[in-house]
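Below is one structure; the comments refer to it alone.
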Amino acid sequence: SGLFQCKKLGETCHKTVFDRCCGNTVCQLKGFKGKCVRCLSAGSRCIKNRECCHGKCVLFKCKNK
């Protein structure tokens, strides 16, 4: 177990390099705490298209296609 071990699906995360989600999962934040999920739902804050369930991140928010 390393110092910067990634978090598994359903575990608590903070979307930082120190507390990130494993593999293709992403951290869905609510305030300053989050949970590792498969993808972010519409309206969630995002950085990349691949983070969103619908594959579309526009102006830092997931959108429906």
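If you use our numbering, the sequence shown corresponds to residues 3 to 67, in order.
Every residue gets a Cβ at the ideal spot worked out from N, C-alpha and C, and that includes glycine.
The structure displayed is predicted, hence computed values, not measured ones.
query: Exposure label - LEU61; buried when at least 16 CB within 10 Å; result: exposed
query: ARG52 in three-state terms, based on DSSP; result: helix
query: Strand pairing of GLN30, partner residues [DSSP]; result: LYS37
query: Short Cβ contact (9 Å threshold) for CYS8 with LYS17; result: no
query: DSSP bridge partner residues for VAL60 (one or two, in chain order); result: LYS63
query: With 16 other Cβ atoms within 10 Å as the buried cut-off, status of LEU14; result: Inspection of the sequence shows that residue 14 is occupied by Thr rather than by Leu. It is exposed - the Cβ of THR14 has fewer than 16 other Cβ atoms within 10 Å.
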